[in-house]
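Numbering (the working numbering), first residue to last: 80 to 1032. The structure appears right after this line, and notes come after that.
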Amino acid sequence: MKKIICVLLGALILAVYWKVQYHEFINYDDGRYITENKHVNSSFSKENFIWAFTHSHAANWHPVTWLSHILDVQLYGLNPKGHHLTSLTLHIANSLLLFLVFARMTGAIWKSLFVASLFAFHPINIESVAWAAERKNVLSAFFWLLTMWAYIRYVQKRNLARYSMVFLFFALGLMSKPMLVTLPFVLLLLDYWPLKRFEIARDQRIISGDTGNQIENKKKLLNLVFEKIPLVVLVVGSCIVTLLAQKSWGAVVSFEIVPLTTRVSNALISYFEYLEKMVWPTNFSVFYPYPTDELFIWKNLMSGLILTGTTIMALRLIRKAPYLAVGWFWYLGTLIPVIGLVQVGQQAMADRYAYIPLVGIFIIIAWGLPELLKNFPFRKKLLSVLTGIFFSVLMTLTWIQLQYWENSVKLFEHAIEVTDKKYPSFVAVYNNLGVVLNEQMKFKEATVHLKNAVKLQPNYAEAHNNLGNSLSGLNRFREADIHYKEAIRLKPNYPEAYNNLANSLSKKFNLEEAISYYEKAVQLKPEYSEAHFNLGVTLNKWNHSEQAIGHLEEAIRLNPNFSEAHIALGNILFLKNNFKTALYHFETTLKMDPNNAIAHNSLGSVLGQQGSFEQAIAHFNTAIKINPDYAEAHLNLGLAFSVREQDAKDGRFCLNCNQKAVHHFKIADDIRVKNGSWNNVKKYIKSASTIDDLPSIHSGDEGYSFYVAGHTSADPRFKSGGLYGPFAEKFHMINEYQSMKFGFLLGDVVKNASHEAWRLVKKDLASLNPKIKNIVVPGNHDVGIGASNSKRDIFLQQFGKTFFSFKHEKDLFIILDANINQWNISGEQLQFLKRSLPKKKDSINNIFIFSHQLIWHHTSKPEFKKIKPNSFEGRSKNLNFWDEVFPLLSDLDNDIYFFSGDIGAAPNGSELFYTQYSGVTFVATGMGGGVRDNFLIVSVIKGAVQIFFVPLN
80 MKKIICVLLG ALILAVYWKV QYHEFINYDD GRYITENKHV NSSFSKENFI
130 WAFTHSHAAN WHPVTWLSHI LDVQLYGLNP KGHHLTSLTL HIANSLLLFL
180 VFARMTGAIW KSLFVASLFA FHPINIESVA WAAERKNVLS AFFWLLTMWA
230 YIRYVQKRNL ARYSMVFLFF ALGLMSKPML VTLPFVLLLL DYWPLKRFEI
280 ARDQRIISGD TGNQIENKKK LLNLVFEKIP LVVLVVGSCI VTLLAQKSWG
330 AVVSFEIVPL TTRVSNALIS YFEYLEKMVW PTNFSVFYPY PTDELFIWKN
380 LMSGLILTGT TIMALRLIRK APYLAVGWFW YLGTLIPVIG LVQVGQQAMA
430 DRYAYIPLVG IFIIIAWGLP ELLKNFPFRK KLLSVLTGIF FSVLMTLTWI
480 QLQYWENSVK LFEHAIEVTD KKYPSFVAVY NNLGVVLNEQ MKFKEATVHL
530 KNAVKLQPNY AEAHNNLGNS LSGLNRFREA DIHYKEAIRL KPNYPEAYNN
580 LANSLSKKFN LEEAISYYEK AVQLKPEYSE AHFNLGVTLN KWNHSEQAIG
630 HLEEAIRLNP NFSEAHIALG NILFLKNNFK TALYHFETTL KMDPNNAIAH
680 NSLGSVLGQQ GSFEQAIAHF NTAIKINPDY AEAHLNLGLA FSVREQDAKD
730 GRFCLNCNQK AVHHFKIADD IRVKNGSWNN VKKYIKSAST IDDLPSIHSG
780 DEGYSFYVAG HTSADPRFKS GGLYGPFAEK FHMINEYQSM KFGFLLGDVV
830 KNASHEAWRL VKKDLASLNP KIKNIVVPGN HDVGIGASNS KRDIFLQQFG
880 KTFFSFKHEK DLFIILDANI NQWNISGEQL QFLKRSLPKK KDSINNIFIF
930 SHQLIWHHTS KPEFKKIKPN SFEGRSKNLN FWDEVFPLLS DLDNDIYFFS
980 GDIGAAPNGS ELFYTQYSGV TFVATGMGGG VRDNFLIVSV IKGAVQIFFV
1030 PLN
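Dropping the structure here:
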């Protein structure tokens, strides 16, 4: 019978919890317990075995639990399915053991099955089963029940061997989770009932008059207590180790933060609320916030009265209904370690804490309910029907509740839905949900929750750090930096915050400052592989490749599976012609991740450099197959085809004689032009040689266009005076484009400013559609250098203001004059810019800013190093753009485009340049050199910006 019951019970538990195997890891302790714990997620080794026993981690010392996690990783890797199935297997084993233990102690099979079924199917136990990090709960319960099983055998035949099994299982349980410290007390309860190892005189006469019986009873009781002393010794040792571990991690909350009166009050309410959740199993949450205000007096009084009344009743009925006293004191006693008198963490209570304690209440129900109905004529039939209905409902509720544990987002959103969100300790839920959304790159949603977190608890460093990550993901780096710095202020030894602040600075190309913060991160946490990697990459950008190699090697030593570090190190070594070692790193990456397109491309580059073109081509093709939009792989494949088709006559590479090469060059060019440095696909530059290449903006569409042309003064080789000839020849494109509203001539429109020169320019512009408003952005040839000179006087007479702004539809246009004060936007013009930029309440989509000079050019920023302005005439040594102008722009949420036009006047001048930097798109365009000349047509359709590159030669 017992075997059949065990098989059926096990099968039902498996069915109810079946879908847990498809759940993900949870972003709440699963990281530090499993996925981010290098000792757990590496392998089962002597070093990790010793670590499990000699170190506390995550405020716990539970070596057996660590070993179970390490074994899981050894068996399943970091696939959550295996980890969840192990926990489910333990829960099934616990349920079966609970049934067998009570059936053996009491002989009451059906009542024991009722207890085991309540334990197996009650939704309050889902947290212990579905949360991988709570392995310690199901594992310690497993050893708890094995200890009880061994104890029953010892009671039947007392000898050292059987007691040793009790001692062993108890020790393993304590090393799984210290909550077993109350088990010796529970064994004493079981000695009273159902084991009946000591008799309390039932006759009042004997109690009052027979001194011999009283002495005998006391001896029996003392012997049973002394019997538990070896177990108590283990308890004392476990308590000491646990307190030391929790204090060393700062997990124990002081009485200054949570006073003793508040703890006692919360404990009373928690005792009652666990019972409430058992009776009415709804609104379960992964986190119940700790109340910081005065708890309701009526709730305290009610809880206290219920607890006191039940305790008195249990004592009064101890002889008539011993199961009531045993079950009640089981519940009260086993909750003591986690009831909050010693407060660890921010939670008021937790479902997992009730995993073992509620067994006591299940005992009371299993034995008490039949007793209450013993005189009812249809007792057996009624109990059978009620039990069937009850467990059907319970299993359904468990099935439903289990779905919230599918992933972190569902779990935390459900917690927000069902719990009281007003208390500061609820910050943990907002914070963790924000982290998950950050990982899913849902930065806008994450920002909302993380702002709630810092609002609830302004001194929560982790929430500030994570909010910084969200803002950084939205390219709001200036705001992100504020929160990173606040996290560091609140928690000066916070390596992750230093690393993230450095990431933000690096994205803004403040490499020198970024390096200093990365160095601080690795100083605080030498084993921080990610910071070593970031430091190595940044040092390499700063041209300190030898130092970079050292940090990348350290990142790999700390995390041998760090594929990005292998690739970065391999690329540096490749450039140093250390092909052998570079090959090793790329091949190592591909062993770990055969679908890593970057590794295939890099490996192909090395093989191509070594002359192994067929192998190189194979790897480039694989990279493209994995990522068809991988521009660099297309480019390298084209080069490989070209080099392979080497011209036999003079040994030169025939770059255009191989059709396969030309095909991949074109694909690479299209992808790079389309994506460039943009991080939004609506913003890109396409080539447009004819009107057919431009998008149609139909009547009624929300859209318009404008052209942007830099350095348009005529080259004497083509024309004397007026506009640059090849540019004027493209006027038909501008005229035919029906949506064209404006034209911006980005300075140096004339070579020598005079009224005659401007007359010739206007004569050429007259060929354009008169509906187009042509705007001249002043250059140094147009207005001279300084605030007062004859050229400026002529310009003012011809065009009026040299800096101004206007709005069109929902977009803002700003024209700047950088000639007034040596390329600085200062004084009156700076104040004008501040006034012109939109406030948050303004409904502005895009901001277009125009200047002749590349006032944003900065040679210390790698992205800008390759661009070469025509001249630096009139430029001061210290420019204020990055200190005073750029902060005004980076604070805005709008899409910002900054156009400049002082390039391309000579054959060796820069070609079209564009990059995106901290949310601002910088574009430079120009002409006049006879090669690489171009202008731009910009289309704005329903707020989305498209930039088209029009080549002139």
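Glycine included, each C-beta is placed from N, C-alpha and C at the ideal position. The model shown is predicted, which means the values in this text are computed figures rather than measured ones.
Under the three-state DSSP convention, the category Ser833 falls into: coil
Can at least three beta-carbon pairs, one atom from the segment 396 to 403 and one from the segment 156 to 169, be found at a separation below 8 angstroms? no
Leu490 - containing alpha helix (DSSP H), residue span: Ser487 to Val497
Give the DSSP bridge partners of Ile928, in chain order. Ile893 and Phe977
Near Gly161, what residues of its chain come up, given a Cβ to Cβ distance below 8 angstroms and the 5 sequence neighbours on each side ignored? Asp151, Leu154 and Tyr155
Going by C-alpha distance, which of Leu269, Val265 and Ala212 is nearest Thr144? Ala212
C-alpha gap between Glu450 and Arg395, whole angstroms: 16 angstroms
Cβ pair Asn680, Phe658 closer than 8 angstroms: no
What residue from Val862, Pro605 and Lys841 has the CA that sits closest to Asn578's CA? Pro605
Write down the C-beta distance between Met254 and Val417 rounded to the nearest angstrom, noting that I regard them as a contact closer than 8 angstroms. At roughly 18 angstroms, the Cβ-Cβ gap does not stay under 8 angstroms, so Met254 and Val417 are not in contact.
Extent of the continuous alpha helix (DSSP H) to which His645 belongs: Ser642 to Leu654
Pairwise C-alpha distance: Asn538 and Glu565: 9 angstroms
CA-CA distance, Ser191 and Arg636? 54 angstroms
Looking at the unbroken beta strand (DSSP E) that takes in Leu825, where does it start and where does it end? Met819 to Leu825
Per the contact definition of three or more C-beta pairs closer than 8 angstroms, is the segment 491 to 501 in contact with the segment 512 to 525? yes
When you compare the CB positions of Val217 and Asn173, do they come within less than 8 angstroms of one another, or not? yes
Short Cβ contact (8 angstroms threshold) for Ser219 with Lys256: yes
Note down, in chain order, each residue of its chain lying with its Cβ closer than 8 angstroms to the Cβ of Phe198, except the 5 sequence neighbours on either side. Asn173, Ser174, Leu177, Asn204, Leu437, Val438 and Phe441
Roughly how many angstroms separate the alpha carbons of Ser989 and Phe692, rounded to a whole number? 33 angstroms
Is the Cβ-Cβ distance between Lys830 and His860 less than 8 angstroms? yes
What number of angstroms, rounded off, separates the C-alpha of Trp97 from the C-alpha of Pro370? 36 angstroms
Going by DSSP, what residue range makes up the beta strand (DSSP E) through Phe992? Phe992 to Tyr996
How should Thr226 be labelled, buried or exposed, when 16 other C-beta atoms within 10 angstroms of its C-beta is the threshold for buried? buried
Looking at the unbroken alpha helix (DSSP H) that takes in Asn454, where does it start and where does it end? Asn454 -> no alpha helix (DSSP H), and no H or E assigned at all.
Should Trp31 be labelled buried (16 or more other beta-carbon atoms within 10 Å of its own) or exposed? Lying before the first or after the last residue shown, residue 31 is absent from the chain, which here runs from 80 to 1032.
Quick check: Val332 and Val423, are their CB atoms within less than 8 angstroms of each other? yes
Can you give me the C-alpha to C-alpha distance between Ala807 and Asp843, rounded to a whole angstrom? 7 angstroms
Which same chain residues end up closer than 6 angstroms to Ala393 when comparing Cβ atoms and leaving out the 5 residues on each side of it in sequence? Leu403, Ala404 and Trp407
Buried versus exposed call for Glu625 [16 or more other C-beta atoms within 10 Å across all chains shown]: exposed
Quick one: is Phe1014 buried, meaning 16 or more other Cβ sit within 10 Å of its Cβ, or exposed? buried
Could you give the residue range of the beta strand (DSSP E) that holds Lys852? Lys852 to Val856
Using DSSP with H/G/I as helix, E/B as strand and the rest coil, what is Ser989? coil
Go to Ile635, then tell me how far its alpha helix (DSSP H) extends in each direction, as first and last residue. Ser624 to Leu637
Alpha carbons only, please: which of Val99, Ala676 and Thr387 is nearest the one belonging to Gln480? Val99
Rounded straight-line distance, which links the Cα of Val787 to that of Asn848: 16 angstroms
Taking a contact to mean a Cβ-Cβ separation below 8 angstroms, would you say Asp974 touches Asn925 in this structure? yes
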